[in-house]
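A.B. asks:
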Amino acid sequence: MAMPTDKPPEPLPGARLLFTLDPGYVHLNHGSFGAAPIPTQRAAARLREEQEADPMRFLKPPGIVQRLQHTRRHLARFVGADPDGTALVPNVTAACAVVLGSVPLRRGDEILLTDHAYGAVGIEAARRCAETGAAVVQARVGLEDDDDAVVAAILAATTDRTRVAVIDQISSATAKLFPVRRIAAELHRRGVFVAIDAAHVPGMIDVDVSTLGVDAWFGNLHKWAYASRGTGLLYVAPAHRDSIRPLAASWEYDNGFPANVEFQGTQDLAGWLAAPAGLHTMTALGLDVVRDHNARLARYGQRLLTEALGTPAVRTAPELAMRVVRLPPGVATTPGAASALRDGIAERLRTHVAVSAWRRIGLLRICAQVYNTADNFEGLARTLPALLRAR
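At position 342 of the sequence shown the residue is numbered 342 (full-length UniProt numbering), and the sequence of numbers has no breaks.
Now the structure itself:
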């Protein structure tokens, strides 16, 4: 097997020791659930100890409100969002539900998605349409379409009935970077509310939400920003904040966005409050160093696996640490087959990856994080072809 021409980055000294991942597996699927480093885990544990020592004191306003505001300011600034227009949320699925539930819809209206949209976003859009009589419209965007083609495909699916569009910034199953600033500008000219699903953005790539010109933006910090699971952000533009409807009308309901979204009854807030520890860990390693390492290693792994499988290469934005490799024809072309292959790779090769069936094309998704090294991808490239032949 010929090696790729570009060399992988050197391992980051001590980075692997920051994580408590099971050494019995190779972890190449950071994008699904992330992995919190030890400093984040310890910060959350200390906060839970404080909470359990005196729940009344810990959860009683105004103290808890002020602590959440401080955390929110820290996290919002990391992504370039206005802290006063940003709410902490459990994940982008919850944020999408808030946004779609806040945009007025009626029979005949349309919600625009692309065929790269995350499955749960499609489910939420369908649910909203069932409630209102609106319809979901899906724009078909090619896996390797350039920015001009992406914008053209989305505009071709837009009609005078399109009321809201949910567009990925980095798609989950296909690891495609969308030109969201251009898309938002074009859709706004047509009067469309633009929401951006940025589940994989915080931590992976640099972002300045304030410059995107979107109506809503939501991202997870537990994937690539080293936060505890269940930590996300929802930004809403000033013109729409008064119309945001939270999932439940809790005690902060009358105080408006963002407090009315953040406070949803009794919940464990330790993970949210510990999130700045994750950002501190990343900046201590060097934010640019982490991003460069991960992007270069993912690119190396993608080239290696593409060559090993003998499938067409998938062109990917160079800054992404999450990439897809085409599987051979006929492999993992249905959701069931994709799940079975993912589980088989975990069981037989002791390696965690993501596998999806997109347009009946099997895609293997790999991720690179600071705990990964080149030999993780080299080992998979050596063993995966034989596993596929044996199926």
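Built from N, CA and C at the ideal position, the CB exists for glycine as well.
Across the region 124-136 and the region 176-183, are there enough close Cβ pairs to call them in contact, namely three or more that are closer than 8 Å?
C.D. replies: The answer is no - the region 176-183 does not touch the region 124-136, with fewer than three Cβ pairs under 8 Å.
A.B. asks: Put Pro276 into one of helix, strand or coil per three-state DSSP.
C.D. replies: Helix, per DSSP.
A.B. asks: Is it true that the CB of Val355 sits closer than 7 Å to the CB of Thr174?
C.D. replies: No, they are not a contact pair.
A.B. asks: Note down the Cα distance separating Ile64 from Gln51, rounded to an integer number of angstroms.
C.D. replies: About 11 Å.
A.B. asks: Could you give the first and the last residue of the continuous alpha helix (DSSP H) run that contains Phe218?
C.D. replies: It is not in any alpha helix (DSSP H) - Phe218 instead sits in the beta strand (DSSP E) that spans 216-220.
A.B. asks: With DSSP collapsed to three states, give me the class of Pro335.
C.D. replies: DSSP places Pro335 in helix when its eight states are reduced to three.
A.B. asks: Can you tell me where the alpha helix (DSSP H) with Gln41 in it begins and where it stops?
C.D. replies: Unbroken alpha helix (DSSP H) run through Gln41: 38-53.
A.B. asks: Among residues of its own chain, excluding the 5 on either side of His293, which ones have a beta-carbon nearer than 7 Å to its beta-carbon?
C.D. replies: Answer for His293: Pro9, Leu12, Val370, listed in chain order.
A.B. asks: Would you list the one or two residues that DSSP bridges to Met322?
C.D. replies: Note: Met322 sits in a beta bridge opposite Cys367.
A.B. asks: How would you write the range of the beta strand (DSSP E) that Arg163 sits in, first residue to last?
C.D. replies: Looking at the DSSP string, the run of the beta strand (DSSP E) that includes Arg163 is 162-168.
A.B. asks: For Gln267, which of helix, strand or coil comes out of DSSP?
C.D. replies: Three-state result, Gln267: coil.
A.B. asks: Please report how far the alpha carbon of Cys367 lies from the alpha carbon of Ser171, in whole angstroms.
C.D. replies: Cα to Cα, the separation comes out at about 13 Å.
A.B. asks: Starting from the C-beta of Glu144, find all residues in its chain whose C-beta is less than 7 Å away, skip the five residues before and the five after it, and write them out in chain order.
C.D. replies: Excluding residues within five positions, the ones whose Cβ falls inside 7 Å are Val314, Arg315.
A.B. asks: Please state the DSSP three-state secondary structure of Ala390.
C.D. replies: Ala390: helix per DSSP, three-state reduction.
A.B. asks: For Pro385, I'd like the list of residues in its chain whose CB is within less than 7 Å of its CB, leaving aside the five on either flank, ordered along the chain.
C.D. replies: Within the same chain, Pro385 has close Cβ partners Ala308, Leu309.
A.B. asks: Can you find the residues in the same chain that come closer than 7 Å, C-beta to C-beta, to Val209, ignoring five residues on each side of it along the sequence?
C.D. replies: Result list for Val209: Val79, Gly80, Ala81, Trp217, Tyr235, in chain order.
A.B. asks: Would you mind reading off the limits of the alpha helix (DSSP H) that contains Ile64?
C.D. replies: Segment 63-78, the alpha helix (DSSP H) holding Ile64.
A.B. asks: Taking contact to mean at least 3 C-beta pairs separated by less than 8 Å, is the region 336-356 in contact with the region 158-168?
C.D. replies: Judged by Cβ distances under 8 Å, the region 336-356 makes no contact with the region 158-168, as fewer than three pairs qualify.
A.B. asks: DSSP on Thr351, reduced to helix/strand/coil?
C.D. replies: Strand.
A.B. asks: Pick helix, strand or coil for Ile196, following the three-state DSSP scheme.
C.D. replies: Residue state, collapsed to three classes: strand.
A.B. asks: To the nearest angstrom, how far is the alpha carbon of Val137 from that of Pro39?
C.D. replies: Cα to Cα, the separation comes out at about 44 Å.
A.B. asks: According to DSSP, is Ala313 helix, strand or coil?
C.D. replies: Coil.
A.B. asks: Thinking just about the alpha-carbon of each residue, which of Thr231, Arg296, Leu287 is nearest to the one in Thr86?
C.D. replies: Answer by Cα proximity: Thr231.
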